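What follows is a short report on a single structure.
Residue numbers (our numbering): 55 to 625.
Next comes the structure, spelled out in structure tokens:
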């Protein structure tokens, strides 16, 4: 086992006591991990999947696959399992499906579980979000509830949460812990970077004193995950459980921060070895046998958070997964064009594609409090929203935008241009408009006023320099939207995945049952083109609640194009 976990003889292993401490919530009575152990003992190949952030993805995009991925904890785990429980079938092996994405939290994964998990259900699913939930534990609960429901089904995966810990940095003069400041471990011979610290400095009494068991860096995210794992009886292994006391007490050289961390959040190869050892230790300690391979039961406890129930109106698909949303198609076909990147492609003007996105509405926005509405009346603000004209709304929005971010001129130009009906309704979904005037300021239709909610639709498409066209975007049924997407890259001779954000207004229920119809998205290839061609290739979509006024999809902190362009890897 030791040889399989470590990449070099210089790496150390944790003793049995530290491994046992690492089981922060052991959940000994949870039978699915025992089922995993029974599968291994039967010498069957194990399917392992991982969801998480940059630690599981490899900190940088380049190490998601290939030789460099050998040092990731889940790759080390698979090798150790292969050494202990080699599959009996010739050429069989334990496989890892890496569905992790850098700088991406559960607020994105909750919509895209189907896109990030392998087609064949895994036996074991690892969840690594302890340093990557960004202060939204309810999103983790929504994702976890969906996964626990899968666990409850016959043949569902065992779940195991893996929490990293954000270690603190002491101020060099006062010795107090610096708020949300991350250290970097200085590499020998390298030029000293900002916040770099040597291994010796990290082991100093001042640095050890500022370490806390509680998550003082990420708004208590790690603590929230631990509570949720206890609530849903999901086994949890954690770095703080195994190593916190050893770090604070300076127990040994191999448990000093500089020996197993690259920075305050990301472990080095030694740290990945420790994580793999904690997971392996919990699997090997599982109780029960083949009788554990049964359905757990579908009843779930009530959510811990008021908004902890999974959202109904959210969808995520890439490539071939888009086909299941197609309601009608004329001139679009699913193809990878011989390049390994599937999408829905059209080449002629008039080609039309309609996708069904939603079958259930989200709850409406709460009404604007009377005091807040009154405070915006007079003095250049809004009067009663229902009586305001489009020009007055535009002026008020521009004034608010100018006060907030100095962008009033741009906001005013955006509102004064000529809107189509669909664009008018889509504009009402803008968070700034929603906050200023919940009754839509007379700009939007009566159907959109009152009970609608703003959603985001992120369309991933091929942006290329040759023969690319434009599509018109429109929504029907339970939602309204509008706009155009131009797929022609006029600035460089490159072909890349691009993302276009469409603001969608989900309309209030109109029929007697109180339920809306499906939300339908229609893309139509337009006659106008700047390239001379009309090709359009839809690569993916995400339909979810807007994350404030950011362009990024919820839960992400990198260019959204990467969310659709990065493929999950299996190997």
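For glycine and all other residues, C-beta sits at the position ideal for the given N, C-alpha and C.
The structure presented is a predicted model; accordingly, all values stated were derived computationally and were not measured.
Of the listed residues the options, nearest to residue i (C-alpha basis)
i           : options            : result
residue 512 : 594, 579, 520      : 594
residue 596 : 149, 509, 549      : 509
residue 310 : 68, 559, 361       : 68
residue 361 : 194, 229, 514, 550 : 194
residue 532 : 550, 546, 382, 574 : 574
residue 374 : 395, 561, 264      : 395
residue 353 : 227, 202, 301      : 202
residue 70  : 338, 546, 250, 516 : 338
residue 556 : 547, 265, 514      : 514
residue 542 : 529, 536, 589, 292 : 589
residue 255 : 577, 576, 222, 387 : 222
residue 216 : 291, 261, 204      : 291
residue 224 : 205, 251, 204      : 251
residue 406 : 386, 127, 155, 391 : 386
residue 400 : 392, 280, 521, 368 : 521
residue 152 : 101, 190, 282      : 101
residue 403 : 208, 392, 304, 384 : 384
residue 318 : 276, 234, 143, 372 : 234
residue 131 : 549, 148, 85       : 148
residue 300 : 230, 265, 272, 320 : 265
residue 372 : 389, 578, 186      : 389
residue 271 : 322, 237, 393      : 237
residue 175 : 208, 321, 365, 598 : 208
residue 185 : 163, 320, 355, 518 : 320
residue 355 : 262, 227, 206, 304 : 206
residue 279 : 598, 544, 79       : 79
Per DSSP, cross-strand counterpart(s) of residue i
i           : result
residue 292 : 217
residue 400 : 590
residue 321 : 315
residue 512 : 555, 596
residue 251 : 239
residue 520 : Answer is none; residue 520 lacks a bridge partner.
residue 406 : 384, 578
residue 389 : 397
residue 657 : No answer is possible for residue 657: it lies beyond the span of the chain, which begins at 55 and ends at 625.
residue 540 : 524
residue 550 : 517
residue 231 : 224
Supposed close pair residue i, residue j - CB separation, criterion 8 Å
i           : j           : result
residue 239 : residue 315 : 6 Å
residue 370 : residue 192 : That pair is no contact at about 18 Å.
residue 586 : residue 524 : Actually they are not in contact, since the Cβ atoms of residue 586 and residue 524 sit about 12 Å apart, beyond 8 Å.
residue 379 : residue 409 : 4 Å
residue 294 : residue 219 : 4 Å
residue 340 : residue 103 : With 8 Å as the limit, residue 340 and residue 103 do not qualify as a contact, their Cβ atoms being about 18 Å apart.
residue 576 : residue 537 : Actually they do not touch by this definition, with Cβ atoms about 12 Å apart.
residue 63  : residue 308 : About 13 Å separates the two Cβ atoms, so there is no contact after all.
residue 275 : residue 268 : Contact doesn't hold; Cβ gap of about 11 Å is too wide.
residue 342 : residue 592 : Between residue 592 and residue 342 the Cβ distance is about 47 Å, and since that is not below 8 Å, they are no contact.
residue 330 : residue 59  : 5 Å
residue 150 : residue 128 : 5 Å
residue 580 : residue 526 : 5 Å
C-beta neighbour in chain B for residue i, strict 7 Å
i           : result
residue 302 : Any reference to chain B falls outside this structure, which holds one protein chain only.
Check: residue i C-beta below 6 Å from any heavy atom of the ligand HEM
i           : result
residue 316 : The ligand content of the structure shown is nil, which means the ligand HEM is not present either.
Q. Counting pairs of Cβ atoms below 8 Å between the stretch 282-293 and the stretch 191-210, do you hit three or more?
A. Output reads yes: the stretch 191-210 touches the stretch 282-293.
Q: Report yes or no: do three or more beta-carbon pairs, one from the stretch 158-168 and one from the stretch 62-76, lie closer than 8 Å?
A: no
Q) Which full runs of the beta strand (DSSP E) of 3+ residues lie inside the stretch 145-228, going along the chain? A) 149-152, 178-182, 212-217
Q) Should the stretch 91-111 be regarded as contacting the stretch 319-335, the criterion being three or more beta carbon pairs within less than 8 Å? A) Three or more Cβ pairs drawn from the stretch 91-111 and the stretch 319-335 lie within less than 8 Å of each other, which places the two stretches in contact.
Q: Would you be able to state if there are at least three C-beta pairs under 8 Å between the stretch 81-99 and the stretch 133-150?
A: The stretch 133-150 vs the stretch 81-99: in contact.
Q: Assess, as a yes-or-no matter, whether the stretch 199-217 is touched by the stretch 174-183 under the definition of 3 or more beta carbon pairs within less than 8 Å.
A: Counting C-beta pairs closer than 8 Å gives three or more between the stretch 174-183 and the stretch 199-217, which meets the contact rule.
Q.
Give the list of continuous beta strand (DSSP E) stretches no shorter than 3 residues that lie fully inside the stretch 77-116.
A. 101-106
Q: Could you tell me which uninterrupted alpha helix (DSSP H) segments, each at least 4 residues in length, are contained entirely in the stretch 254-282, listed from first to last along the chain?
A: Secondary structure in the stretch 254-282: the alpha helix (DSSP H) runs of 4 residues or longer, each lying completely within the stretch, are 259-263 in chain order.
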